[in-house]
Amino acid sequence: TVALLQGMGETLPFRSCFFDKVMCKGALDHFMSPSKTMEEISRVLKPEGEMIIAIANFESLGFRIGKKVVRLKMVFGGKAEEQITPWVLPVDHTYKFDYQSLYNLVKANFQIKSIKGISLLWGVPWWGSILSSLPKPICYGILGALDKAARLFPSLADIIVVKGVPFSECK
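The sequence shown begins at 1 in full-length UniProt numbering and counts up by one.
The following block contains the structure:
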C-alpha cells in the first residue's frame with residue numbers, strides 16, 4: 001500500500017532523515033518559498049540521500065528565440081492576441097527560474113552532483129510544424145542531437161535537472 005499525505009513544501013510533514021530520495025518535478029516554482037522548501041528537503045533526506053529537482057527554464061534558448069520571432073512578427077503587422085507566448089510566466093508560478101537562480105538556490109543546502117538539461121528549442125514558433133514535416137528518421141536525429149546539446153549546456157535547455165546531496169547531517 002501507498003500512503004498519500006498532503007502538505008506544503010515549506011513544512012514537510014516528515015521526520016528528519018526520513019528519505020533516501022526526494023524528487024520535485026515542475027513544482028518548485030509554484031511554492032511560496034523555494035528556499036524554505038530546499039531547507040526542508042535537506043532536512044528530510046538521509047545524509048547520503050539524493051535530491052532531484054527539475055524545472056522549466058524560462059530563459060531557455062527556445063524561449064529567447066521565440067521572443068525575438070514574435071517581436072519581429074509584430075514589427076511586420078502581427079497582432080499581439082495571435083501570438084503564442086509560452087515564455088510568459090503562468091499566473092500559478094510564484095517564481096521564475098533559470099539556470100543561475102536554480103543553481104544559487106540549490107547550492108545553499110546541497111552539494112551539487114550534476115546539472116543537466118533536457119530538450120532544446122521548445123517554444124520556437126513553428127518548431128513542431130517544421131519537425132513534423134520532416135521524415136521521422138531526420139526528425140528523431142535532430143531531436144536526439146538537440147537533447148545531447150541540452151545535456152551539455154543546461155542553461156540553454158528547456159528543462160533543467162539538478163541532483164545533489166545534503167550538506168547537513170541528521171539532527
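Beta carbons are placed, not taken as given, at the ideal position from N, Cα and C, and that holds for glycine.
Unbroken beta strand (DSSP E) run spanning Asp20, endpoints: Phe19 to Lys25
I'd like the list of long-range same chain contacts for Met23, defined as Cβ closer than 7 Å, with 5 residues on each side in sequence excluded. Ile52
If you run the structure through DSSP and keep just helix, strand and coil, what is Pro90? coil
Rounded to a whole number of angstroms, what is the C-alpha to C-alpha distance between Gly26 and Asn57? 10 Å
Please name the residue or residues paired with Pro125 in a DSSP beta bridge. Note: Pro125 sits in no beta bridge, so no partner.
Within the chosen definition, does the region 86-97 reach the region 129-136 through at least 3 CB pairs nearer than 8 Å? no
Applying the criterion that 16 or more other CB atoms from any shown protein chain within 10 Å of the CB defines a buried residue, is Glu48 buried or exposed? exposed
Sequence-distant residues of the same chain with beta carbon closer than 7 Å to Lys116, five excluded per side: Arg151, Pro154 and Val161
Rank Asp147, Glu169 and Leu121 by C-alpha distance to the C-alpha of Glu59 and give the top, closest one. Leu121
Give the DSSP-derived three-state secondary structure of Lys113 in the structure shown. strand
Using the Cα positions of Cys17 and Ile41, report the straight-line distance between them to the nearest angstrom. 10 Å
Buried versus exposed call for Val44 [16 or more other C-beta atoms within 10 Å across all chains shown]: buried
Cα separation between Ser101 and Ile55? 11 Å
Run through DSSP, which three-state label would Glu39 get? helix
Range of the contiguous alpha helix (DSSP H) that encloses Met74: Leu61 to Val75
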